[in-house]
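Residue numbering for the sequence shown follows this note's numbering, beginning at 25 and increasing consecutively. For each residue, glycine too, the CB sits at the ideal point set by N, CA and C. None of the values given here were measured: they were computed from a predicted structure. Below: one structure, written as structure tokens.
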Amino acid sequence: MTDEQLLRYSRHILLNELGVEGQERILATHALVVGAGGLGSPAALYLASAGVGKITLVDDDSVDFTNLQRQILHTQERVGMGKAESGRLALHAINPDIAIAPLRQRLAGEELAARVAAADLVLDCTDNFATRHAINRACVRHKKPLVSGAAIRFDGQISVYDLRRDDAPCYHCLFPEAADIEEVRCAVMGVFAPLTGIIGTTQAAEALKLAAGIGDSLTGRLLLLDALRMEWRSVRFNKDPACAVCGGSQ
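Following this line, the structure appears as structure tokens:
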């Protein structure tokens with residue numbers, strides 16, 4: 025690390041569990057963040073401030089006035105700009121020394137698989153089940169750790185699927201794609217602004233722990249937050265041997 029980096033990341037380096045070696049691993053990490061909205065905003069901001077060396081930020085949407093209540097990557101002056109590019113400006117304003125690759129597109133198929141394969145870890149900050157399952161399949165295929173979060177109304181959830189481990193469950197183990205799960209969107213149902221910050225920041229924390237190789241991740245645990253009562257619950261779950269996505273990777 026340079027002298028400037030030693031100073032910038034000094035509060036991380038002071039942590040015995042992290043130190044210089046852990047910070048260097050963070051600096052060498054490439055994170056793929058899918059979604060630059062309510063969850064992706066705080067997640068990407070903390071990854072950038074912590075020194076993740078490369079962040080690929082993916083979002084095909086544009087900044088809307090209604091986003092500003094919670095999507096803290098964006099400003100009123102950038103309404104109408106692509107969220108990926110708006111995010112790049114915000115992240116470089118915090119840390120100009122890291123590489124930001126903005127992608128204004130919806131990833132799918134082999135393009136999604138290639139982006140996942142090129143990254144060290146993936147943060148799913150999207151808001152629909154079809155995309156979440158597609159990201160999960162790509163992460164299973166390429167054995168990449170996945171940090172997945174969701175937030176609607178006053179309810180949030182987060183888990184980690186460390187697919188480098190053969191015994192780790194995947195997203196499909198917990199939320200089978202064929203299950204009759206109600207699709208809800210914040211555009212219709214509403215969302216409490218700080219909730220997205222809490223869940224997105226927790227995603228960043230889990231991603232940084234994975235990058236640095238420290239602590240215990242949320243693999244096999246689903247954290248549920250009721251922000252109206254500010255109560256957390258933790259639910260444990262296991263790999264499904266019959267999972268249609270990861271069941272063969274025993």
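| query | result |
| --- | --- |
| In DSSP terms, what residue 255 is bridged to | 250 |
| Residue 128 vs residue 158 beta-carbon contact at 8 Å | no |
| Contact set for residue 165: own chain, Cβ-Cβ below 7 Å, skip 5 residues either direction | 137 |
| Uninterrupted beta strand (DSSP E) stretches inside the stretch 35-72 (no shorter than 3 residues) | 54-58 |
| In DSSP terms, what residue 29 is bridged to | Note: residue 29 sits in no beta bridge, so no partner. |
| Option nearest residue 319 by Cα separation, candidates 87, 54 and 253 | Nothing about residue 319 can be read from this structure; the chain reaches only from 25 to 274. |
| C-alpha distance - residue 110 paired with residue 244, whole-angstrom precision | 34 Å |
| Pair within 8 Å by beta-carbon distance, residue 58 and residue 197 | no |
| Helix, strand or coil at residue 238 [DSSP, three-state] | coil |
| Pick from 100, 72, 102 and 144 that is closest to residue 115, judged by C-alpha positions | 72 |
| Whole-angstrom C-beta distance between residue 143 and residue 56, which should lie under 8 Å | 4 Å |
| Opening and closing residue of the beta strand (DSSP E) in which residue 263 lies | That residue, residue 263, is in no beta strand (DSSP E); it is neither H nor E in DSSP. |
| The stretch 252-271 contacting the stretch 180-199, beta-carbon criterion three pairs below 8 Å | yes |
| Coil, strand or helix - residue 78 by DSSP | strand |
| For residue 193 and residue 256, the rounded distance between their alpha carbons | 21 Å |
| Three-pair Cβ contact test at 8 Å for the stretch 90-104 versus the stretch 59-66 | yes |
| Rounded separation between residue 93 and residue 224 - CA only | 15 Å |
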